[in-house]
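Order-wise, the sequence lines are chains A and B.
Numbering-wise (my numbering), the first sequence opens with residue 2 and increments by one.
Numbering-wise (my numbering), the second sequence opens with residue 17 and increments by one.
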Amino acid sequence: MLLIRCPYCGERPEIEFRNMGEAHILRPTPAASDDEMADFLYRRSNTKGLIAERWRHIHGCGRFFNAVRHTVTDKFVVIYKSGEPKPDLAVLAAASTGGARS
Amino acid sequence: MHFSYLSLIRQAFAGNAGWPRQWRDPEPKPGYDVVIIGGGGHGLATAYYLAAEHGIRNVAVIERGWIGGGNSGRNTTIVRSNYLWEESEALYDHALDIWQDLSQVLNYNVMYSARGVLMLAHTVHDVQTSKRHIHANRLYGIDNEWLSPEECRDFCPPLNISKDIRYPVMGGALQRKGGVARHDAVVWGYARAASGLGVDIIQNCEVTGIRRSASGAVEAVETSRGAIKANKVGIVAAGHSSVVAAMAGVRLPLESYPLQALVSEPLKPIIPCVVMSNTIHAYISQSDKGDLVIGAGTDQYVSYSQTGGLYINNHTIEAICELFPTLRRVRMMRGWGGIVDTTPDRSPILARTPVPGLYINCGWGTGGFKATPGSGHAFAHTIARDEPHPANAAFTLERFRDGRLIDEAAAAAVAH
Numbered sequence: 002m003l004l005i006r007c008p009y010c011g012e013r014p015e016i017e018f019r020n021m022g023e024a025h026i027l028r029p030t031p032a033a034s035d036d037e038m039a040d041f042l043y044r045r046s047n048t049k050g051l052i053a054e055r056w057r058h059i060h061g062c063g064r065f066f067n068a069v070r071h072t073v074t075d076k077f078v079v080i081y082k083s084g085e086p087k088p089d090l091a092v093l094a095a096a097s098t099g100g101a102r103s
Numbered sequence: 017m018h019f020s021y022l023s024l025i026r027q028a029f030a031g032n033a034g035w036p037r038q039w040r041d042p043e044p045k046p047g048y049d050v051v052i053i054g055g056g057g058h059g060l061a062t063a064y065y066l067a068a069e070h071g072i073r074n075v076a077v078i079e080r081g082w083i084g085g086g087n088s089g090r091n092t093t094i095v096r097s098n099y100l101w102e103e104s105e106a107l108y109d110h111a112l113d114i115w116q117d118l119s120q121v122l123n124y125n126v127m128y129s130a131r132g133v134l135m136l137a138h139t140v141h142d143v144q145t146s147k148r149h150i151h152a153n154r155l156y157g158i159d160n161e162w163l164s165p166e167e168c169r170d171f172c173p174p175l176n177i178s179k180d181i182r183y184p185v186m187g188g189a190l191q192r193k194g195g196v197a198r199h200d201a202v203v204w205g206y207a208r209a210a211s212g213l214g215v216d217i218i219q220n221c222e223v224t225g226i227r228r229s230a231s232g233a234v235e236a237v238e239t240s241r242g243a244i245k246a247n248k249v250g251i252v253a254a255g256h257s258s259v260v261a262a263m264a265g266v267r268l269p270l271e272s273y274p275l276q277a278l279v280s281e282p283l284k285p286i287i288p289c290v291v292m293s294n295t296i297h298a299y300i301s302q303s304d305k306g307d308l309v310i311g312a313g314t315d316q317y318v319s320y321s322q323t324g325g326l327y328i329n330n331h332t333i334e335a336i337c338e339l340f341p342t343l344r345r346v347r348m349m350r351g352w353g354g355i356v357d358t359t360p361d362r363s364p365i366l367a368r369t370p371v372p373g374l375y376i377n378c379g380w381g382t383g384g385f386k387a388t389p390g391s392g393h394a395f396a397h398t399i400a401r402d403e404p405h406p407a408n409a410a411f412t413l414e415r416f417r418d419g420r421l422i423d424e425a426a427a428a429a430v431a432h
């Protein structure tokens with residue numbers, strides 16, 4: 002089980018949280034093509050390595066936040082609030098070869 | 017060597033010293049007509065049917081580790097075809113047809129045992145969806161029947177049908193042709209048969225890139241043992257499909273999650289069939305060796321860790337103990353995780369990709385083992401003829417763009 006640091010409540014066990022999928026996927030405009038809608042709805046990075054994802058502290062404060070996690074070690078590298086810009090995953094990957102936790 | 021009663025007797029008198037290697041261990045050639053990436057059951061079956069049914073024998077199966085070491089060796093070996101939609105019924109029943117005489121065709125005992133798959137219903141909603149499945153299946157000609165709680169207990173005597181448990185059994189859907197098969201034997205049987213027809217099985221060889229020509233078509237795969245030219249490439253990489261497809265610039269509608277299973281110490285025969293319950297997240301059968309094979313649910317986040325949260329297993333064990341109180345003191349021996357590639361509609365993708373010469377077979381999610389023969393058969397057809405077999409025609413990549421999803425998610429959200 003993961004230990005996840007909610008930016009509002011602190012560290013809590015994984016069962017208090019709901020994973021909400023990949024972060025920073027923007028809804029296209031109504032003029033978007035079918036292909037752009039498929040990108041938005043279905044196609045995902047599914048990266049083996051660092052991914053940015055959304056979490057919700059559903060059995061705690063109920064709030065959404067974002068995190069960068071390594072999908073092989075499951076270690077959290079950065080946790081940040083919704084609305085903050087997406088970290089540069091390439092820079093983080095170069096810096097966090099030791100798998101540091103924030 | 018052809019396996020037979022005669023060869024068994026001969027070898028017995030010769031001290032069992034004459035059994036040959038079951039498949040060759042060749043060095044990769046500079047190029048092949050078809051390269052299959054992934055040496056699991058689906059990939060090896062694809063290679064076998066390319067050689068056996070389409071005459072394409074200049075084929076290589078490239079495997080990063082050892083064959084059958086991924087999800088083929090990590091599943092709970094359940095075989096069934098009682099899916100809701102006609103597209104799925106066609107595909108999974110195509111596989112079930114091939115299972116019937118697979119041991120004879122491959123000359124290898126895959127230990128397919130049609131002992132029946134009993135899917136329990138615990139709520140009014142469960143009863144309604146189960147009966148909807150049964151009617152859909154019977155319209156399509158797939159065997160599936162409704163059992164009362166007492167009939168469920170008669171079919172599986174250790175089942176607890178008391179009314180006072182948390183989720184009492186309100187009945188069950190039974191597919192008698194469903195059952196189990198031996199996962200290793202399926203992999204080894206296809207490997208041996210494919211190798212015998214000339215397919216090169218190259219293990220310990222990791223694909224690191226997919227090279228494309230100026231026109232965009234697939235030209236070669238880069239591997240840890242050098243570049244291998246290929247006219248056509250099939251990706252059959254299960255949990256790593258997104259990683260491999262990204263090498264050719266293809267972004268897939270997949271997410272990979274850990275899915276766990278565990279086995280108990282060996283017991284004398286007690287569970288005569290496969291029992292599944294989607295509502296309380298448990299499925300169980302007993303192997304011929306005697307261990308109880310138990311499947312749990314997936315973790316909630318994308319991961320390639322091949323391990324999962326212990327609380328997921330706990331949840332499943334609680335459900336098993338309530339359904340089978342007699343198993344409460346059985347000890348669990350081993351648990352493990354596999355990485356399952358799930359699509360948004362919980363149906364697989366067996367299709368061409370936008371890249372000429374590149375084909376993909378993925379998205380089997382939590383339920384690929386049962387489809388191994390049908391998947392390989394249909395995918396070989398797709399690669400050889402550059403058009404789908406009728407059984408997989410609907411399982412395209414474009415269905416996500418066109419909104420033609422094959423939504424099996426509501427029906428089988430956990431055990432699939």
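C-beta: ideal position from N, C-alpha, C; glycine also.
Residue i and residue j closer than 9 Å at C-beta
i, j, result
"Gln322 (chain B)", "Gly354 (chain B)", "yes"
"Ala262 (chain B)", "Gly373 (chain B)", "no"
"Gly392 (chain B)", "Ala63 (chain B)", "yes"
"Ile217 (chain B)", "Arg241 (chain B)", "no"
"Phe65 (chain A)", "Tyr81 (chain A)", "no"
"Thr314 (chain B)", "Ile333 (chain B)", "no"
"Met349 (chain B)", "Leu278 (chain B)", "yes"
"Val143 (chain B)", "Ser272 (chain B)", "no"
"Val203 (chain B)", "Ile114 (chain B)", "no"
"Ser319 (chain B)", "Val92 (chain A)", "no"
"Cys289 (chain B)", "Val185 (chain B)", "no"
"Leu112 (chain B)", "Tyr206 (chain B)", "no"
"Ala76 (chain B)", "Ile244 (chain B)", "yes"
"Val79 (chain A)", "Ala68 (chain A)", "yes"
"Pro370 (chain B)", "Val266 (chain B)", "yes"
"Thr358 (chain B)", "Gly325 (chain B)", "no"
"Met17 (chain B)", "Trp35 (chain B)", "yes"
"Leu90 (chain A)", "Leu51 (chain A)", "yes"
"His138 (chain B)", "Ala189 (chain B)", "no"
Buried or exposed by the 16-neighbour rule on C-beta atoms within 10 Å, applied to residue i
i, result
"Ile336 (chain B)", "buried"
"His297 (chain B)", "buried"
"Ser103 (chain A)", "Its pLDDT being 42, under 50, Ser103 (chain A) is placed unreliably in this model, and the coordinates cannot settle the point."
"Lys386 (chain B)", "buried"
"Cys168 (chain B)", "buried"
"Asp41 (chain B)", "exposed"
"His432 (chain B)", "Note that His432 (chain B) scores 44 on pLDDT, short of 50, meaning its location in the model is unreliable; the coordinates nonetheless yield the value given after this. Classification of His432 (chain B): buried, given that the 10 Å Cβ count is 16 or more."
"Asn160 (chain B)", "buried"
"Asn377 (chain B)", "buried"
"Leu136 (chain B)", "buried"
"Phe416 (chain B)", "buried"
"Phe77 (chain A)", "buried"
"Ala33 (chain B)", "exposed"
"Leu155 (chain B)", "exposed"
Beta-carbon separation (whole angstroms), residue i vs residue j, contact threshold 8 Å
i, j, result
"Ala367 (chain B)", "Leu308 (chain B)", "Contact doesn't hold; Cβ gap of about 37 Å is too wide."
"Ile94 (chain B)", "Ser280 (chain B)", "Rounded, the Cβ-Cβ distance is 17 Å, inconsistent with contact."
"His110 (chain B)", "Gly390 (chain B)", "4 Å"
"Ile422 (chain B)", "Ala409 (chain B)", "Between Ala409 (chain B) and Ile422 (chain B) the Cβ distance is about 11 Å, and since that is not below 8 Å, they are no contact."
"Arg57 (chain A)", "Arg19 (chain A)", "5 Å"
"Gly250 (chain B)", "Ile399 (chain B)", "5 Å"
"Asp418 (chain B)", "Asp35 (chain A)", "7 Å"
"Lys179 (chain B)", "Ala130 (chain B)", "Not really, about 31 Å apart at Cβ, beyond 8 Å."
"Glu166 (chain B)", "Ile181 (chain B)", "Glu166 (chain B) to Ile181 (chain B), Cβ: 15 Å. No contact."
"Gly406 (chain B)", "Cys221 (chain B)", "With the sequence shown as reference, residue 406 (chain B) is identified as Pro, and Gly is not the correct amino acid for it. Actually they are not in contact, since the Cβ atoms of Pro406 (chain B) and Cys221 (chain B) sit about 34 Å apart, beyond 8 Å."
"Pro174 (chain B)", "Ile310 (chain B)", "Not confirmed; about 14 Å, so no contact."
"Val223 (chain B)", "Ile52 (chain B)", "Actually they are not in contact, since the Cβ atoms of Val223 (chain B) and Ile52 (chain B) sit about 10 Å apart, beyond 8 Å."
"Ser97 (chain B)", "Tyr108 (chain B)", "4 Å"
Among the options, nearest to residue i - alpha-carbon criterion
i, options, result
"Leu213 (chain B)", "B:Leu122, B:Gln144, B:Ile78 and B:Ser164", "B:Leu122"
"Thr239 (chain B)", "B:Ile399, B:Val260 and B:Ala230", "B:Val260"
"Cys62 (chain A)", "A:Leu42, A:Glu17 and A:Ile52", "A:Glu17"
"Gly434 (chain B)", "B:Gln38, B:Ala68 and B:Ser88", "What the structure shows of chain B is the stretch from 17 to 432, and residue 434 (chain B) is not part of that stretch, so it cannot be assessed."
"Asp304 (chain B)", "B:Ala387, B:Ile310, B:Lys284 and B:Ser319", "B:Lys284"
"Ala264 (chain B)", "B:Ser231, B:Ala254 and B:Gly225", "B:Gly225"
"Asp49 (chain B)", "B:Val237, B:Val346 and B:Asp361", "B:Val237"
"His141 (chain B)", "B:Asn294, B:Thr359 and B:Arg267", "B:Asn294"
"Asn91 (chain B)", "B:His405, B:Gly384 and B:Ser20", "B:Gly384"
"Pro282 (chain B)", "B:Val346, B:Glu235, B:Thr139 and B:Ser258", "B:Val346"
"Ile158 (chain B)", "B:Val126, B:Asp170, B:Leu100 and B:Ala209", "B:Leu100"
Problem - Continuous beta strand (DSSP E) assignments of at least 3 residues falling wholly in the segment 255-282 of chain B - result: 271-282
Problem - Ranges of the beta strand (DSSP E) found wholly within the segment 61-91 of chain A, counting only runs of at least 3 - result: 65-71 and 77-82
Handout entry: Ranges of the beta strand (DSSP E) found wholly within the segment 130-175 of chain B, counting only runs of at least 3
Key = 133-137 and 161-163
Handout entry: Ordered list of beta strand (DSSP E) runs contained in the segment 222-260 of chain B, each at least 3 residues
Key = 223-228, 234-239 and 242-251
Problem - Every unbroken beta strand (DSSP E) within the segment 31-56 of chain B, with a cutoff of 3 residues, ordered by chain - result: 47-53
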